[in-house]
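**Q** Let me begin by handing over the structure; questions about it come next.
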Amino acid sequence: QIELNLERRRWMDDDLGPYYILVNVADQELKVVKDGKTVHTARLVVGKPYARTPVFSDKMRYIVFNPYWNVPPNIANDEYLPKLRRDPGVLEREHIRVFASSGSEVNPYSVNWSAISRMPYSLRQDSGGKNALGKVKFMFPNRFNVYLHDTPSKSLFNKDLRIFSHGCMRVENPLDLAELLLADQGWSRARIDSTIA
Numbered sequence: 109q110i111e112l113n114l115e116r117r118r119w120m121d122d123d124l125g126p127y128y129i130l131v132n133v134a135d136q137e138l139k140v141v142k143d144g145k146t147v148h149t150a151r152l153v154v155g156k157p158y159a160r161t162p163v164f165s166d167k168m169r170y171i172v173f174n175p176y177w178n179v180p181p182n183i184a185n186d187e188y189l190p191k192l193r194r195d196p197g198v199l200e201r202e203h204i205r206v207f208a209s210s211g212s213e214v215n216p217y218s219v220n221w222s223a224i225s226r227m228p229y230s231l232r233q234d235s236g237g238k239n240a241l242g243k244v245k246f247m248f249p250n251r252f253n254v255y256l257h258d259t260p261s262k263s264l265f266n267k268d269l270r271i272f273s274h275g276c277m278r279v280e281n282p283l284d285l286a287e288l289l290l291a292d293q294g295w296s297r298a299r300i301d302s303t304i305a
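According to my numbering, the stretch in the sequence shown is residues 109 to 305, in order.
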């Protein structure tokens, strides 16, 4: 494990700049470093053994409050399609809507889910209290399609081993992180709170 982590460290940029976020997947921890000093830490939930959080370096581009969750195709096929065959009402309970490739919304009760072997539709979870991404996501577009985000499952942060995600990094106290990252752009905690209300 040590050799593997040393090899992963070799892949990272040597100069991350004066202000950066460092995600330590093995420790399930995030650090914000400014001018060589750690100014913020947070626990993370990272990828399951079969859906590991990838190691890479990229720039955070933007933050989204009250995000939708566009269910990735693999999760739609592997997790939601079997549920839909048993009970199309699962989507309503989880505030997930179905869309055709044309963009038009599809009534989940009008589909014969048992006749489908691969999900031909897009699934999108509305923003709100049940949203898998919580109240905020931190975007650094990358080839792995992973990002930092909130979670409605706050109790996971109380566990010693926090490997429950599909590869994304769920961050503890994400609004504290948003406040720190947006402070120099004039965002106060009050403004953030009113935006997500």
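Where a beta carbon is used, it is the ideal one built from N, C-alpha and C, also for glycine. Here the structure is a predicted model, which is why all the values come from computation and not from measurement.
Mapping the DSSP letters down to three states, classify Y217 as helix, strand or coil.
**A** For this step, residue 217 is matched to residue 109 along the sequence shown. The answer is helix: DSSP assigns Y217 an H, G or I state.
**Q** Residues bridged to I271 by DSSP?
**A** By one-based count along the sequence shown, residue 271 stands at place 163. For I271, which the question treats as bridged, DSSP gives the partners V154.
**Q** Output the boundary residues of the alpha helix (DSSP H) element that contains E200.
**A** Position 92 of the sequence shown, counting from 1, holds the residue named residue 200. Note, E200: alpha helix (DSSP H), G197 to R201.
**Q** Can you check which of these residues, R160, S209, Y217 and G125, is closest to D143 by C-alpha distance?
**A** For the purposes of this step, residue 143 is identified with residue 35 of the sequence shown, where counting begins at 1. The option with the nearest alpha carbon to D143 is G125.
**Q** Could you tell me which residues DSSP pairs with Y176 in its beta bridges?
**A** Within the sequence shown, numbered from 1, the residue matching residue 176 stands at position 68. According to DSSP, Y176 bridges with nothing at all.
**Q** Check F207 in the structure and name its three-state DSSP category.
**A** Translated into the one-based positions of the sequence shown, residue 207 becomes position 99. Reduced to three states, the DSSP call for F207 is strand.
**Q** Please classify K167 as buried or exposed, where buried requires at least 16 neighbouring CB atoms within 10 angstroms.
**A** For the purposes of this step, residue 167 is taken as the residue at position 59 of the sequence shown. Answer is exposed; the Cβ neighbour count stays below 16.
**Q** How long is the line joining the alpha carbons of S210 and Y229, rounded to whole angstroms?
**A** The count along the sequence shown starts at 1 and reaches residue 210 at position 102. The count along the sequence shown starts at 1 and reaches residue 229 at position 121. The straight-line gap from Cα to Cα measures roughly 10 Å.
**Q** Let me make sure I understand the geometry here. Which of E200, V206, N174 and V214 has the alpha-carbon closest to that of A184?
**A** As a first step, residue 184 is located in the sequence shown; it is residue number 76 there, counting from the start. The residue with the shortest Cα to Cα distance from A184 is V206.
**Q** Please tell me whether I304 and F246 are closer than 8 Å, where the distance is taken between their beta carbons.
**A** Taking the sequence shown and counting its residues from 1, one reaches residue 304 at position 196. Taking the sequence shown and counting its residues from 1, one reaches residue 246 at position 138. Taking 8 Å as the Cβ cut-off, I304 and F246 do not qualify as a contacting pair.
**Q** Under the three-state reduction of DSSP, which class applies to Y229: helix, strand or coil?
**A** Numbered from 1 along the sequence shown, position 121 holds the residue referred to as residue 229. Correct three-state label for Y229: coil.
**Q** I'd like the span of the beta strand (DSSP E) that includes E280, first residue to last.
**A** Working through the sequence shown from its first residue, we reach residue 280 at position 172. Where E280 is concerned, there is no enclosing beta strand (DSSP E), given that its DSSP letter is neither H nor E.
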